[in-house]
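Enquirer: In UniProt numbering, the protein residues as written are 1 to 289.
1. Going by C-alpha distance, which of 199, 143, 142 is nearest residue 231?
2. Which residues does DSSP list as the beta-bridge partners of residue 208?
3. Which residues in the same chain as residue 178 place their Cβ atom closer than 6 Å to its Cβ, once the five residues preceding and following it in sequence are excluded?
4. Mind checking whether residue 28 and residue 144 have CB atoms under 8 Å apart?
5. Thinking C-beta only, is residue 37 closer than 8 Å to residue 107?
6. Taking 8 Å as the cut-off, does the segment 108–121 touch the segment 49–65 (at least 3 CB pairs, one atom from each stretch)?
7. Just how far apart, CA to CA, sit residue 228 and residue 215?
8. Please report how far the alpha carbon of residue 181 lies from the alpha carbon of residue 172, in whole angstroms.
9. Straight-line CA distance for residue 174 to residue 211?
10. By Cβ distance below 6 Å, which residues in the same chain neighbour residue 98 in space, the five residues on each side in sequence not counted?
11. Starting from the Cα of residue 95, find the closest Cα among 162, 127, 288, 246 and give me that residue.
12. For residue 250 and residue 201, what's the separation of their Cα atoms in angstroms?
13. Would you kindly report the start and end of the unbroken alpha helix (DSSP H) that includes residue 201?
14. Taking 7 Å as the limit between beta carbons, can you name the residues of its chain near residue 205, skipping five residues before and five after?
15. Roughly how far, in whole angstroms, is the beta-carbon of residue 247 from the beta-carbon of residue 5, given that I think they are within contact range, below 8 Å?
16. What residue range does the alpha helix (DSSP H) around residue 73 cover?
17. May I ask which residues mark the beginning and end of the alpha helix (DSSP H) holding residue 219?
18. Starting from residue 49, trace the alpha helix (DSSP H) both ways and give me its first and last residue.
19. Taking the continuous alpha helix (DSSP H) assigned at residue 61, which residues delimit it?
20. Quick check on residue 103: does DSSP put it in helix, strand or coil?
21. Can you tell me where the alpha helix (DSSP H) with residue 182 in it begins and where it stops?
22. Reducing DSSP to helix, strand and coil, say where residue 214 ends up.
23. In the DSSP assignment, find the unbroken alpha helix (DSSP H) run with residue 23 in it and report its ends.
24. Quick check on the DSSP output: the alpha helix (DSSP H) that includes residue 260 runs from which residue to which?
25. Check residue 142 in the structure and name its three-state DSSP category.
26. Can you tell me whether residue 218 is buried or exposed, with buried defined as 16 or more other CB within 10 angstroms of its CB?
27. Can you tell me where the alpha helix (DSSP H) holding residue 12 begins and where it ends?
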């Protein structure tokens, strides 16, 4: 078993295997399930992701009315041909938003790694699908690769906003997607690790400050930022850009930052955007006294 990204990459290189292959072997060893059973489980997760983003792209609104409809607006903007970011990047962003809008509307999503960050991985994967044309098996492998990086973070730091701020949720999700994107695009395991590190570094210190304590504002739009960060970080790594700080040290830094973050900025709904006059007003309107 691997416990760090360094160990994961070393296994890939010594055995001439991809990250998803190492993760698959570990899952088989830990769970006792066969390769076919694991892929069947991952396919169920993938279908849940696809269903959620398709539902979101039709337009959904949360019970509170705080979120909803932004994914549709983004798709309409893409069709206008006026987007500055380009259709591929913005499509991924819109699908990340769509998924998280479904989460806010109490729809069914697949936590990757959490509900609040559930839009990033599927948004990136399905946003890149028209460009990279992956097979269904390739898409399942994307999830396994994402899971390999998430496994390391969960066991060495945190994926909880309450424990480590939004850097631990959307930050981890974005970095997971970045690493998996590199592999999907034909990059090396080491380039996947570089993409992960670059991406997570860009989100260090991100606080968790949900307005009214709900996973809506600013969570949905942070999934958009996470998706764009993931794709840009993957491109940087594929271009040969490396992280001066090793991946595992970036993960450790994220953990230590979360430990020193004030409780008001860790999912309590008291600080940051939740503590602004408008944030407090919205809380009052939703919950009253």
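In this text, a Cβ means the ideal position worked out from N, Cα and C, and glycines have one as well.
Expert: On the basis of the coordinates in this document:
1. Closest by C-alpha distance to residue 231, out of 199, 143, 142, is 199.
2. 266
3. 195, 196, 199, 230, 233, 234
4. no
5. no
6. yes
7. Whole-angstrom Cα-Cα distance: 20 Å.
8. 14 Å
9. 22 Å
10. 53, 56, 57, 71
11. 127
12. 7 Å
13. 189–201
14. 167, 257
15. 4 Å
16. 70–80
17. 219–238
18. For residue 49, the uninterrupted alpha helix (DSSP H) run begins and ends at 35–58, by DSSP.
19. Per DSSP, residue 61 belongs to no alpha helix (DSSP H) and is neither H nor E.
20. DSSP places residue 103 within a helical segment (H, G or I) once states are collapsed to three.
21. 170–184
22. In the displayed model, residue 214 falls within coil according to three-state DSSP, outside both helix and strand.
23. Per DSSP, residue 23 belongs to the alpha helix (DSSP H) from 19–31.
24. That run of the alpha helix (DSSP H) goes 247–260.
25. It is helical.
26. buried
27. In the DSSP annotation of this structure, the continuous segment of the alpha helix (DSSP H) that includes residue 12 starts and ends at 5–15.
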